[in-house]
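> Going by the working numbering, the first residue of the sequence shown is number 1, and it counts up by one from there.
Beta carbons are placed, not taken as given, at the ideal position from N, Cα and C, and that holds for glycine.
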Amino acid sequence: MADEGQPLDVYSDQFTVTVGPYGISLTFSLTQPHPAPGQPPQRRDLVTVRMSLEHAKVMAMIVRRQLKNYERENSVEIPIPYSLYQQLNLAAEDW
Numbered sequence: 001m002a003d004e005g006q007p008l009d010v011y012s013d014q015f016t017v018t019v020g021p022y023g024i025s026l027t028f029s030l031t032q033p034h035p036a037p038g039q040p041p042q043r044r045d046l047v048t049v050r051m052s053l054e055h056a057k058v059m060a061m062i063v064r065r066q067l068k069n070y071e072r073e074n075s076v077e078i079p080i081p082y083s084l085y086q087q088l089n090l091a092a093e094d095w
């Protein structure tokens, strides 16, 4: 639990996005570190952040810009496995 007056500090390795006509919900989750043999890892929802569609769009633009700047300034490309692109129906060209 966060100290009173301090923002919640959370690490997440999964997220779910739900979009409606008036807003967006982002639920950040954490995967179980050691699943039982033969069982898929379970996840625990940590926090849900809700905002307007406009806020989400501007936030996505700013996060993209910050990551692009990081890659450029450090002469690196943050690697995304090809299998993850396929699983999420994304393309490297979209970046």
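Taking all protein chains shown into account, do 16 or more other C-beta atoms lie within 10 angstroms of the C-beta of I80, making it buried, or fewer, making it exposed?
Here residue 80 is taken as the residue at index 80 of the sequence shown, counted from 1. Exposed: under 16 other Cβ atoms inside 10 Å.
> According to DSSP, is Q14 part of a helix, a strand, or is it coil?
As a working note, residue 14 is residue 14 in the sequence shown. Strand at Q14.
> With H, G and I counted as helix, E and B as strand and the rest as coil, what does DSSP make of S25?
The residue labelled residue 25 in the question sits at position 25 within the sequence shown. Correct three-state label for S25: strand.
> State yes or no: is the C-beta of F28 within less than 9 Å of the C-beta of D45?
For this step, residue 28 is matched to residue 28 along the sequence shown. For this step, residue 45 is matched to residue 45 along the sequence shown. Taking 9 Å as the Cβ cut-off, F28 and D45 qualify as a contacting pair.
> Just verifying my parser: in three-state terms, what is the DSSP assignment at L8?
Here residue 8 is taken as the residue at index 8 of the sequence shown, counted from 1. Correct three-state label for L8: coil.
> Taking the beta carbon of I62 as the centre, do at least 16 other beta carbons fall within 10 Å, making it buried, or is it exposed?
As a first step, residue 62 must be located in the sequence shown, where it is residue number 62. Per the 10 Å Cβ criterion, exposed.
> So is I110 buried or exposed if we call it buried at 16+ other beta carbons inside 10 Å?
The first residue shown for the chain is 1 and the last is 95, placing residue 110 beyond what the model contains.
> Check the DSSP bridge columns for R50 and list the partner residues they point to.
Numbered from 1 along the sequence shown, position 50 holds the residue referred to as residue 50. BP columns for R50 point to S25.
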